[in-house]
Each structure stands twice: as structure tokens, then as C-alpha cells.
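Taking full-length UniProt numbering, I'd label the letters of the sequence shown as residues 1 to 329.
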Amino acid sequence: MEPAGNVIRGRYAPSPSGCIHIGNALAALMAWLQVRSRNGIFVLRMEDIDTARCRPEFAQQITYDLRWLGLDWDEGPDVGGPFGPYVQSERLKLYETALNRLKAEGRLYPCYCSRHDILAAAAAPHGLASEGPVYPGTCRSLSPEEVQRRSLNKSPSLRFAVPSGEIFFTDGVAGPRRTDAAAGGDFIVRRADGIFSYQLAVVVDDALMGITDVLRGADLLDSTPRQLMLYEALGWKPPHFAHVPLLLDRDGRRLAKRHGGITLAELRDAGVTPQTVNGWLAWAAGLLPEPLQVSPLDLLPSFKLDRISRKDIVVTPEMLGSLHPSFQQ
Ligand code: GLU
Ligand code: ZN
């Protein structure tokens, strides 16, 4: 499949494992603005590859919530498009093909460790913040005989053997980033239960959908080097990346993870309008001096990536109160 020509193509790629909360909505709005302000094509993709956590009802709810906010997309599960299907669970063959290429080129190896072994082996908890402990490479150099022997008892996960060297990229919001490729350890591309990893699926999808610009939450900033390694290994040109700040509570926890986090559905039920939500998000992100009532379209003229705050956004009770008094706690 040929990636699209010179057109800017961006996407929002939610996992339908819950409802959209205001942190997700911030990333969705910024991704939409980035694409629409450059006359690009906006794609919605449902990342439901982790079938145990994802549910079709959430996918429907997410679609509804995004439209309620005033966002639209040119390609997606409900509207189709030339690069479909736009639902990860319907794209497994594509992941398999990519995986087989990596395998054929000797970039993968089977790992028989349990999560427990890996936790025990990761002496210091200096793993990628969003991805658990660093894998210490235990199974990287098993002999073929050992692999055969272990396969009798256990089906392995498959790991990508990260090359040595540095990964460099310039993030559209966070700026230049340089990391030691090995720092995160060899990562999983297919789990022992056969589920493809987020890292593999997202790279295959973004590449085959011709995505030129990825804008998403800063929780995925440290996944980007891994994705760049996969682009390199598969011989694909990577997109530009931009990671927007997360919304945190006063204790520095992600608002997303807060018990009963503030969802768009809750705001709507409380009578908050989409204009209020959009204005609040743009204000929190640093695009507006105050929380005005706006539609996404109203924000287009003033949108610039470099105006987005680089630091995570601490959401105070007063800020929540300006969305609706009942959210001020
Ligand atoms: N599906 C991922 C999530 O909801 C986002 C993937 C991405 O934007 O790369 O966290
Ligand atoms: Zn292992």
C-alpha cells in the first residue's frame, strides 16, 4: 500500500477501554487542530488490539463524544476511507506480515520469562515510565537447542532486539530528544498469548495509513524511540512526533487515572456545553488567555504547536470549578 502524497495526515487513536476523559479530549483536540490548521486529513483509528480491555460500547461512546466536542474526521471506522480498516482488531494480518519481516531479518527473539522474572531482574526501577521495568535481556542469547527445549513447556513472547546507539528526534512540543537505544531494553512485539504489542501495531498502522504527523499525550513520549527503531527496521519513513502535556491532579497523578476521572459524558450530563469544554482545554494547554466559549473551528486561526505548554498541566480544584461548580472538590 502506498502512503499518501504530500498531504498532512494526522490521527487520533484512542483505545476503547473506557470513556474519554478531559486528558484524552485535550490530545484529540490538539491533534485535530494540528491537522485542520494545515488543511490535512484527519483519521480516527480504534486501537482495540488488547481485546481483554477493549469493548465496542466504548468505541461507540468515544465516537459520539468526539463528535459532541465538534471534531470530525475524513477517515475512520464509521466513515471508511482508502487505508482501512480503521479498527486494529481487523488489521491483524498486517501486523503478522510486519512481524514476519522482522523475524526473517533476525531482529526478534523468543522470550520465556514471566512478568515476575522480569520484575525480579530489574534491580532498579528505572524503566520507561509508561512501560514497566527494563527487560534485562535474559533470553537474548539462548542457543537454538535451549529455545527448542523451552518451547515444549511455554509459548514465548517475541522481543525486538534493540540495536546499540542513540536515537535522536525532535519533538514538535518537547523539542530535541536524545536517548540511548538500549536504555528501555528489548521490548515485546508479540505477547505470549499471541496479542501484538501496541508498539508494533501503532507503527504498522501509522506507516500504512500514511500518517505524517503524530500528536498524542506526553505519556507516550518515551515510547517514541522504540517506534523509531521499528520504522528503521521495517524500512519506513517515520512521521513527525509531537507530545502534548498531560493533565495532572495536585498530587502529580494523571487525572486520567483518578478514580472516576472527569469524562466528557459526565460533563455533558452536568449540562456543560462543548464550547465550554473546548475553551477550557485550549486555555489549559496555553492557547487561550482565559477559558472562553469556543468551537474547535474558532481555535484554528490561533493554533500553533509552539504555543502549547511544554510542562504537564496541574489542574486545580478552581480550574475544575470553572468547568462546572460540581467538579470543584
Ligand atoms: N491508543 C493509545 C492510547 O489510547 C494511543 C496511541 C498513540 O496515539 O500512539 O493510549
Ligand atoms: Zn526472557
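We treat Cβ as the ideally placed atom computed from N, Cα and C, and that holds for glycine. Quick caveat: nothing in here was measured; it's all calculated off a predicted structure.
Any heavy atom of ligand 2 closer than 7 angstroms to the beta-carbon of residue 212?
As a first step, residue 212 is located in the sequence shown; it is residue number 212 there, counting from the start. Outside the cutoff, so no.
DSSP state of residue 87, grouped into three classes?
Sequence index remark: in the sequence shown, residue 87 carries index 87 (1-based). In the structure shown, residue 87 sits in a strand (DSSP, three-state: E or B).
Could you work out which residue in 91, 297 and 273 is closest to residue 65 when comparing CA atoms only?
Here the question's residue 65 lines up with position 65 in the sequence shown. When C-alpha distances from residue 65 are compared across 91, 297 and 273, the shortest belongs to 273.
Between the Cα of residue 293 and the Cα atoms of 103, 302 and 276, which residue gives the shortest distance?
Position 293 of the sequence shown holds residue 293. Residue 293 has its Cα closest to that of 276, out of 103, 302 and 276.
DSSP state of residue 320, grouped into three classes?
As a working note, residue 320 is residue 320 in the sequence shown. Here residue 320 sits in helix by DSSP.
How about residue 54: is its Cβ closer than 7 angstroms to a heavy atom in ligand 2?
Looking up residue 54 in the sequence shown gives position 54. Distances taken from the Cβ of residue 54 to the heavy atoms of ligand 2 include none shorter than 7 angstroms.
Can residue 157 and residue 182 be called in contact, C-beta distance under 8 angstroms?
The residue given as residue 157 occupies position 157 in the sequence shown. The residue given as residue 182 occupies position 182 in the sequence shown. Taking the C-beta atoms as reference points, residue 182 is found no nearer than 8 angstroms to residue 157.
Any heavy atom of ligand 1 within less than 6 angstroms of residue CB: hits in chain order
Every residue whose Cβ sits closer than 6 angstroms to any heavy atom of ligand 1 is listed here in chain order: 13, 14, 15, 47, 202, 216 and 220.
So the candidates are 297, 101 and 46; which of them puts its Cα closest to the Cα of residue 234?
Taking the first residue of the sequence shown as position 1, residue 234 is located at position 234. Per the Cα distances, 101.
Quick one: give me the first and last residue of the alpha helix (DSSP H) that residue 151 is part of.
As a first step, residue 151 is located in the sequence shown; it is residue number 151 there, counting from the start. Element bounds for residue 151: 144–151.
Paired residues, beta bridge with residue 46 - DSSP:
For the purposes of this step, residue 46 is identified with residue 46 of the sequence shown, where counting begins at 1. Assignment of beta-bridge partners to residue 46 by DSSP yields 87.
By the three-class DSSP mapping on this structure, what secondary structure does residue 263 have?
Translated into positions along the sequence shown, residue 263 becomes position 263. Residue 263: strand per DSSP, three-state reduction.
Is residue 111 near ligand 2, judged by its Cβ being under 7 angstroms from some heavy atom?
On the sequence shown, position 111 is the one that residue 111 refers to. Because some heavy atom of ligand 2 lies under 7 angstroms away, the Cβ of residue 111 counts as near it: yes.
By DSSP's criteria, residue 109 is part of a beta bridge. Which residues make up the other side?
If you number the sequence shown from 1, residue 109 lands on position 109. Within the DSSP bridge table, the entry for residue 109 names 159 as partners.
With 16 other CB atoms within 10 Å as the buried threshold, where does residue 263 fall?
By one-based count along the sequence shown, residue 263 stands at place 263. By the 16-neighbour rule on beta-carbons within 10 angstroms, residue 263 is buried.
Near residue 108, what residues of its chain come up, given a Cβ to Cβ distance below 8 angstroms and the 5 sequence neighbours on each side ignored?
Counted from its first residue, the sequence shown places residue 108 at position 108. Once the five neighbours on either side are set aside, the close Cβ partners of residue 108 are 99, 102, 158, 159, 160, 161 and 189.
Where does residue 170 land, buried or exposed, given buried means 16+ other C-beta within 10 angstroms?
If you number the sequence shown from 1, residue 170 lands on position 170. By the 10 Å Cβ count, residue 170 comes out exposed.
Apart from the five residues just before and just after residue 75, which ones in its own chain have a Cβ nearer than 6 angstroms to its Cβ?
Position 75 of the sequence shown, counted from the first residue, corresponds to residue 75. So the qualifying residues of the chain are 43 and 81.
Cβ neighbours of residue 239 in the same chain (closer than 7 angstroms, five flanking residues each side left out)
The residue you call residue 239 lines up with position 239 of the sequence shown. Counting only Cβ-Cβ distances below 7 angstroms, and skipping sequence neighbours, we find 206, 211, 212, 213 and 214.
Whether residue 231 touches residue 202 by CB criterion (8 angstroms):
In the sequence shown, the residue the question calls residue 231 occupies position 231. In the sequence shown, the residue the question calls residue 202 occupies position 202. At least 8 angstroms separates the beta-carbon of residue 231 from that of residue 202.
Quick check: the segment 43–62 against the segment 7–16, are there 3 or more CB pairs under 8 angstroms?
These segments touch.
Hey, could you find the ends of the beta strand (DSSP E) residue 176 is sitting in?
Sequence index remark: in the sequence shown, residue 176 carries index 176 (1-based). 175–180 is the span of the beta strand (DSSP E), which, as asked, contains residue 176.
Does ligand 2 have a heavy atom nearer than 7 angstroms to the CB of residue 138?
Start at 1 with the first residue of the sequence shown, and residue 138 comes out as number 138. For ligand 2, at least one heavy atom lies less than 7 angstroms from the Cβ of residue 138.
Contact between the segment 53–60 and the segment 15–28 (3+ Cβ pairs under 8 angstroms)
Touching, per the Cβ criterion.
Return the chain-ordered list of same chain residues with a C-beta closer than 6 angstroms to the C-beta of residue 83, the five sequence neighbours on each side being excluded.
Translated into positions along the sequence shown, residue 83 becomes position 83. When the five nearest sequence neighbours on each side are left out, the beta carbons in the same chain lying within less than 6 angstroms of the beta carbon of residue 83 are those of 209, in order along the chain.
Note down the Cα distance separating residue 217 from residue 145, rounded to an integer number of angstroms.
Within the sequence shown, numbered from 1, the residue matching residue 217 stands at position 217. Within the sequence shown, numbered from 1, the residue matching residue 145 stands at position 145. Those two C-alpha atoms are separated by around 43 angstroms.
Run the CB neighbour count on residue 51, radius 10 Å, all protein chains shown included, and call it buried at 16 or more, exposed below.
Taking the first residue of the sequence shown as 1, we reach residue 51 at position 51. The Cβ neighbour count for residue 51, taken over all protein chains shown within 10 Å, is under 16; the residue is labelled exposed.
Use the C-beta contact count for residue 318: other C-beta atoms within 10 angstroms, 16 or more gives buried, fewer gives exposed.
Taking the first residue of the sequence shown as position 1, residue 318 is located at position 318. Exposed, since its Cβ has fewer than 16 Cβ neighbours within 10 Å.
Kindly provide the ranges of any beta strand (DSSP E) runs that are 3 or more residues long and lie completely inside the segment 235–304, ordered along the chain.
Given a length threshold of 3 residues, each whole run of the beta strand (DSSP E) inside the segment 235–304 is given here in chain order: 240–244.
In whole angstroms, what is the alpha-carbon distance linking residue 184 and residue 271?
The count along the sequence shown starts at 1 and reaches residue 184 at position 184. The count along the sequence shown starts at 1 and reaches residue 271 at position 271. In this structure, the alpha-carbon of residue 184 lies about 44 angstroms from that of residue 271.
Need the endpoints of the beta strand (DSSP E) that residue 196 sits in, please.
Position 196 of the sequence shown holds residue 196. Going by DSSP, residue 196 is part of no beta strand (DSSP E) at all; its letter is neither H nor E.
Could you check where the beta strand (DSSP E) with residue 9 kicks off and where it finishes?
Counting from one through the sequence shown, the residue named residue 9 turns up at place 9. Element bounds for residue 9: 9–12.
I need the straight-line Cα distance from residue 147 to residue 155, nearest angstrom please.
Numbered from its first residue, the sequence shown carries residue 147 at position 147. Numbered from its first residue, the sequence shown carries residue 155 at position 155. In a straight line, the C-alpha of residue 147 is about 10 angstroms away from that of residue 155.
Expressed to the nearest angstrom, what Euclidean distance is found between the alpha-carbon atoms of residue 126 and residue 278?
Along the sequence shown, read from residue 1 onward, the residue named residue 126 stands at position 126. Along the sequence shown, read from residue 1 onward, the residue named residue 278 stands at position 278. Summary for residue 126: the model assigns pLDDT 47, below 50, so the residue's position carries little reliability; its value from the coordinates is reported in the next sentence. Residue 126 and residue 278 have their C-alpha atoms some 36 angstroms from each other.
Buried or exposed, going by whether 16 or more other CB atoms sit within 10 Å of the CB of residue 306?
In the sequence shown, residue 306 corresponds to position 306, counting from 1. It is exposed - the Cβ of residue 306 has fewer than 16 other Cβ atoms within 10 Å.
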